[in-house]
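According to our numbering, the sequence shown is numbered sequentially starting from 598.
Glycine included, C-beta positions come from ideal geometry on N, C-alpha and C.
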Amino acid sequence: MRGNALVALGANLPGPWGTPLQAVNRALAELDRGGTAVVSASPLYESEAIGQPGQPAYVNAVAEIATHMPPEALLRKLKRLEAAAGRRGKNAPWGARNLDLDIVDYGGRVQGWRGSRAVMAGAGPRKLTLPHPQTHLRSFVLVPLRDIAPAWRHPVLKRSPSSLLAHIPGDEPLHGLTRLSEATP
Numbered sequence: 598m599r600g601n602a603l604v605a606l607g608a609n610l611p612g613p614w615g616t617p618l619q620a621v622n623r624a625l626a627e628l629d630r631g632g633t634a635v636v637s638a639s640p641l642y643e644s645e646a647i648g649q650p651g652q653p654a655y656v657n658a659v660a661e662i663a664t665h666m667p668p669e670a671l672l673r674k675l676k677r678l679e680a681a682a683g684r685r686g687k688n689a690p691w692g693a694r695n696l697d698l699d700i701v702d703y704g705g706r707v708q709g710w711r712g713s714r715a716v717m718a719g720a721g722p723r724k725l726t727l728p729h730p731q732t733h734l735r736s737f738v739l740v741p742l743r744d745i746a747p748a749w750r751h752p753v754l755k756r757s758p759s760s761l762l763a764h765i766p767g768d769e770p771l772h773g774l775t776r777l778s779e780a781t782p
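See below:
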């Protein structure tokens with residue numbers, strides 16, 4: 598079965614794949630081979646790091662990819678790419694990283710949600726939650742997503758990227774988000 602997935606890309610530390618900008622572009626190139634093909638990629642954005650103070654800014658993008666891989670196999674591929682880019686083990690939540698790749702959506706599949714809330718996995722192996730449980734709260738995902746898939750609807754919340762952006766809590770959801778350039782996989 599062939600499906601399309603939306604993958605969020607982000608980096609804010611240099612590593613084996615170079616600067617964060619180079620790492621995101623390299624990840625896009627890697628997503629265009631080995632069982633996945635890039636259908637479209639958003640422009641690159643710089644966003645302020647959130648969570649832990651003192652971090653460098655992130656480079657972010659979203660790509661739509663086509664694949665025959667089931668979601669769990671795609672997740673394993675993304676984890677291998679993160680490791681190749683220098684990411685080791687599990688980073689602290691909202692911590693700095695060489696590369697972060699998340700499946701935002703996989704063909705509208707809903708997995709790991711109860712009603713309108715994601716069910717967070719407890720102890721043991723982390724389960725894949727689709728759509729990503731924090732997509733609707735992240736302007737650094739929603740803005741690039743809106744660029745490439747403005748008609749996309751969150752499979753659980755049934756809202757477009759623009760509608761989700763309008764409902765992000767806080768005074769200024771786009772604060773600290775700057776368009777850098779087109780992606781160059």
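- For D744, DSSP records no beta bridge to any residue.
- When secondary structure is reduced to three states using DSSP, S736 falls in the helix class.
- Closest in alpha carbon position to K674, among P758, R714, H764 and I700, is I700.
- Here Q708 has L727 as same chain residues with Cβ atoms under 6 Å from its own Cβ, once five neighbours each way along the sequence are excluded.
- Counting only residues of its own chain and dropping the five nearest sequence neighbours on each side, E669 has a CB closer than 7 Å to the CB of L725.
- Contact annotation: A660 and L696 have beta-carbon atoms that are not nearer than 8 Å.
- Per DSSP, reduced to three states, the secondary structure at A682 is coil, with no helix or strand assignment.
- Under the DSSP assignment, E627 falls in the alpha helix (DSSP H) whose first and last residues are P617 to E627.
- Taking the C-beta atoms as reference points, H665 is found nearer than 8 Å to G632.
- Distance from the CA atom of R743 to the CA atom of G683, rounded to whole angstroms, is 29 Å.
- With 16 or more other Cβ atoms inside 10 Å of its own Cβ, R623 counts as buried.
- Where L761 is concerned, the enclosing alpha helix (DSSP H) starts and stops at P758 to A763.
- Nearest to L777 by alpha-carbon distance, out of L603, T732 and Y655, is Y655.
- Per DSSP, the continuous beta strand (DSSP E) segment holding R776 begins and ends at L774 to S778.
- Excluding its 5 nearest sequence neighbours in each direction, P640 has C-beta neighbours in its own chain below 8 Å: A658, P741, D744, R776, L777, S778, E779 and A780, listed in chain order.
- CA-CA distance, V635 to H764, rounds to 29 Å.
- The three-state secondary structure of A646, taken from DSSP, is coil.
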